[in-house]
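All residue numbers for the sequence shown refer to the working numbering, where the first residue is 12 and numbers rise by one.
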Amino acid sequence: MDIAKPNVKQTIPGFRRVPRTGVIYVMHRATLRGFDYENKSWANLGQGSPETLDLPDAPPRLTELRAPAPTRKYSPVAGQIELRQKVADLYNFIYRKGKKSQYTYENVSIAGGGRLSLTRLAAALDNVNMGHFLPDYTAYEELLSSFRSFIPMPILLDAGRGYQLSAEGLRNEILGRGLSALLISNPCNPTGQVTQDYRLRGWVEVARETDCSLILDEFYSHYIYTNASNPYNMVSAAQYVEDVERDPIIIVDGLTKNWRYPGWRVSWTLGPKSVIETLASAGSFLDGGANHPFQNQALELLDPEYAIAETKAIQKVFKAKRDYVLERLHDMGITADATPNGAFYVWANLSDLPVPLNDGMSFFEHGLEENVITVPGVFFDVNPGQRRRNFARYKHYCRVSFGPNMETLERGLDALERVIAKF
């Protein structure tokens, strides 16, 4: 049985049964057990969003929305030009100082959230082989299933190599599978692994040499816990693009994670003008354009000083939370194949726990009895259209989020200790 689908027969003609993505599935199950966001007896360690209140040394949170008369009209499908230019300016300032080729507003498209940016891209892809990594973001599965113009092709990352892939390995995968496009989250959700510096430069060079478009989901690119070469400790393939119009590098990011405004649903895609024009055509029939007032409000958030201050605050707070969660999990007998150096997740290996807790789905279900939520690892075995047999590759894993505040983390980890103590 497909665990992501409700056990209900579809009786309305013409409709298919659409599975819930991993996080939505676990939240649905938790709600049936009494979970509520205002109920402080619960701890959501499955959440895919960061804490959104004030952090020490971070810029003040915006609390009011202004909607001047021009923003009451439809936004252009590609987004407000002023915001598009602001995004381009930020990338040029952080990643492209001294480079001849610079981004302009014509290299930027605005959309209503990350999933919508990716949906526009998927709708614009031609009849090609499209690569994706395993494990990776659960929502990719249905996204890669919904458009029949391209063929999704999985690339398995090896835990023994820290879920990393060298430039030479990437070249072999592209050439061996005949890939014309590749979708990657960097930093990766769920493993927290970061491709940066010489390795990321190598990926961009391989994309250029093999004429394969790299679509990089960089929504966690400010959550970096290593000593990166970039002075602001941010990571983006934009740093290694030679020609913004010719290099096949498409970047997706937004306010959701790196600015901690998930409810705003403002995202952007950065790439060659020809791609941005195609995305506008796709957006014209998919969604019609992003929320106009929120685009206007987002302008001040993209000042480099604001973005850098927010990033420094994020990294200080979230690194401390990461270290705390790793230590607590280790004391429970739960390990990580590789230390998460980005994002805010631990890809937790449950293999050493007693039966039945060594199974991610069972671990999740028993956690609900103690009012704590995790995400079973099987949801990250992205399998579009269920085209291949599922051998429960990540059966012994779960994703634990350190996105919540410290109080919630403490409560949730105490609950996991109680779960394990029962066995």
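Each residue gets a CB set at the ideal place from its N, CA and C atoms; glycine is no exception.
All values reported here derive from a predicted model rather than from experimental measurement.
Contact set for LEU297: own chain, Cβ-Cβ below 8 Å, skip 5 residues either direction: The count along the sequence shown starts at 1 and reaches residue 297 at position 286. Leaving aside the five residues that flank LEU297 on each side, the residues in its chain whose CB is nearer than 8 Å to its CB run, in chain order, LEU127, THR130, ARG131, ALA134.
Let me know if LYS108 comes out buried or exposed under the rule of 16 or more other beta-carbons within 10 Å of its beta-carbon. One-based indexing of the sequence shown puts residue 108 at position 97. So LYS108 counts as exposed.
Assign ARG410 to one of three DSSP states: helix, strand, or coil. For the purposes of this step, residue 410 is taken as residue 399 along the sequence shown, with counting starting at 1. In the structure shown, the three-state DSSP call for ARG410 is strand.
Residues of its chain near LEU73, where Cβ-Cβ distance is below 6 Å and the 5 sequence neighbours each way are ignored: As a first step, residue 73 must be located in the sequence shown, where it is residue number 62. Closer than 6 Å at the Cβ level, and outside the excluded window around LEU73, lies no residue.
Where does ASN302 sit, in a helix, a strand or coil, going by DSSP? Numbered from its first residue, the sequence shown carries residue 302 at position 291. It is coil, neither helix nor strand.
Opening and closing residue of the alpha helix (DSSP H) in which ASN183 lies: The residue you call residue 183 lines up with position 172 of the sequence shown. From DSSP, the alpha helix (DSSP H) with ASN183 extends over 178 to 188.
Classify VAL383: buried if its beta carbon has 16 or more other beta carbons within 10 angstroms, exposed otherwise. The residue you call residue 383 lines up with position 372 of the sequence shown. Only buried fits VAL383, as 16 or more other CB atoms lie within 10 angstroms of its CB.
Count the other CB atoms within 10 Å of the CB of ALA192; is the residue buried (16 or more) or exposed (fewer)? To locate residue 192, count along the sequence shown from 1; it is residue 181. ALA192 is buried by the Cβ-count criterion.
Going along the chain, which residues of its own chain have a beta-carbon closer than 6 Å to the beta-carbon of LEU155, five neighbours each way excluded? In the sequence shown, the residue the question calls residue 155 occupies position 144. Excluding the 5 residues flanking it on each side, LEU155 has same chain C-beta neighbours closer than 6 Å at PRO163, PRO395, in chain order.
What separation, rounded to the nearest whole angstrom, lies between the Cα atoms of TYR243 and GLU321? Position 232 of the sequence shown, counted from the start, is the residue given in the question as residue 243. Position 310 of the sequence shown, counted from the start, is the residue given in the question as residue 321. In this structure, the straight-line span from the alpha carbon of TYR243 to that of GLU321 is close to 11 Å.
Going by beta carbon distance, what residues of the same chain come within less than 6 Å of ARG333, once the five residues before and after it are set aside? What you label residue 333 is simply residue 322 of the sequence shown in a count that begins at 1. For ARG333, same chain residues with a beta-carbon under 6 Å away, outside a window of 5 residues either side, are PHE413 in chain order.
In terms of residues, what are the limits of the beta strand (DSSP E) holding PRO315? By 1-based counting over the sequence shown, the position of residue 315 is 304. Counted as a single uninterrupted DSSP element, the stretch harbouring PRO315 is not any beta strand (DSSP E) but the alpha helix (DSSP H) occupying residues 315 to 342.
Verify whether the separation of the beta carbon atoms of ILE235 and GLN326 is less than 8 Å. Counted from its first residue, the sequence shown places residue 235 at position 224. Counted from its first residue, the sequence shown places residue 326 at position 315. With respect to GLN326, ILE235 sits close: the two C-beta atoms are nearer than 8 Å.
Decide yes or no for the touch test of the stretch 266 to 280 against the stretch 112 to 125: beta carbon pairs closer than 8 Å, at least 3 of them. Cβ pair count under 8 Å is three or more, so yes.
Are ILE262 and GLU220 touching if we call contact CB-CB under 8 Å? As a working note, residue 262 is residue 251 in the sequence shown. As a working note, residue 220 is residue 209 in the sequence shown. At the C-beta level, ILE262 and GLU220 stay beyond 8 Å of one another.
Check ILE23 in the structure and name its three-state DSSP category. Along the sequence shown, one-based indexing puts residue 23 at 12. Correct three-state label for ILE23: coil.
Own chain partners of LEU167 with C-beta closer than 6 Å, once the 5 adjacent residues on each side are dropped: Position 156 of the sequence shown, counting from 1, holds the residue named residue 167. Cβ contact annotation for LEU167 (same chain, cutoff 6 Å, sequence separation greater than five): LEU145, in chain order.
ALA359 versus SER292 - alpha carbon distance: The residue you call residue 359 lines up with position 348 of the sequence shown. The residue you call residue 292 lines up with position 281 of the sequence shown. For the pair ALA359 and SER292, the Cα-to-Cα distance works out to about 41 Å.
For THR82, name the three-state secondary structure that DSSP assigns. As a position in the sequence shown, residue 82 is number 71, starting the count at 1. Of the three classes helix, strand and coil, the one that applies to THR82 here is helix, per DSSP.
Within the same chain, show all residues whose beta-carbon is closer than 6 Å to that of ASN103, passing over the 5 residues directly before and after it, in chain order. Numbered from its first residue, the sequence shown carries residue 103 at position 92. Hits under 6 Å: GLN113, TYR114.
For ARG83, which residues of its own chain have a beta-carbon under 7 Å away from its beta-carbon, when the five flanking residues on both sides are left out? Within the sequence shown, the letter at position 72 stands for residue 83. Residues of the same chain with their beta carbon placed closer than 7 Å to that of ARG83 are lacking, with the five preceding and five following residues left out of the count.
If you run the structure through DSSP and keep just helix, strand and coil, what is ARG120? The residue given as residue 120 occupies position 109 in the sequence shown. It is worth fixing the name first, because residue 120 is Ser in this sequence and not Arg. Of the three classes helix, strand and coil, the one that applies to SER120 here is strand, per DSSP.
Compare the Cα-Cα distances from ASN197 to each of ASN183, LEU427, ASP264 and report the closest residue. Against the sequence shown, residue 197 aligns to sequence position 186. Looking at the Cα atoms, ASP264 is the closest of the given residues.
Is it buried or exposed for GLU434, if we count other Cβ within 10 angstroms and need 16 for buried? For the purposes of this step, residue 434 is identified with residue 423 of the sequence shown, where counting begins at 1. The sequence as given places Phe at residue 434; Glu does not occur at that position. Classification of PHE434: exposed, given that the 10 Å Cβ count is below 16.
Can you give the Cα-Cα distance for ARG257 and PRO415, rounded to whole angstroms? By one-based count along the sequence shown, residue 257 stands at place 246. By one-based count along the sequence shown, residue 415 stands at place 404. Straight through space, the alpha carbons of PRO415 and ARG257 are spaced by roughly 40 Å.
Measure the alpha-carbon distance for TRP53 versus THR42 and round it to whole angstroms. Stepping through the sequence shown from its first residue, residue 53 is reached at position 42. Stepping through the sequence shown from its first residue, residue 42 is reached at position 31. Roughly 11 Å between the two C-alpha positions.
Quick one: grab the DSSP three-state call for TRP270. Here the question's residue 270 lines up with position 259 in the sequence shown. Secondary structure of TRP270 (DSSP, three-state): coil.
Just mark VAL286 as buried or exposed, buried being the case when its beta carbon has 16 or more other beta carbons within 10 Å. Position 275 of the sequence shown, counted from the first residue, corresponds to residue 286. In summary, VAL286 is buried, with 16 or more beta-carbon neighbours lying within 10 Å of its beta-carbon over all protein chains present.
Does the Cβ-Cβ distance between TYR85 and HIS341 come in under 8 Å? Counted from its first residue, the sequence shown places residue 85 at position 74. Counted from its first residue, the sequence shown places residue 341 at position 330. Not closer than 8 Å, so no.
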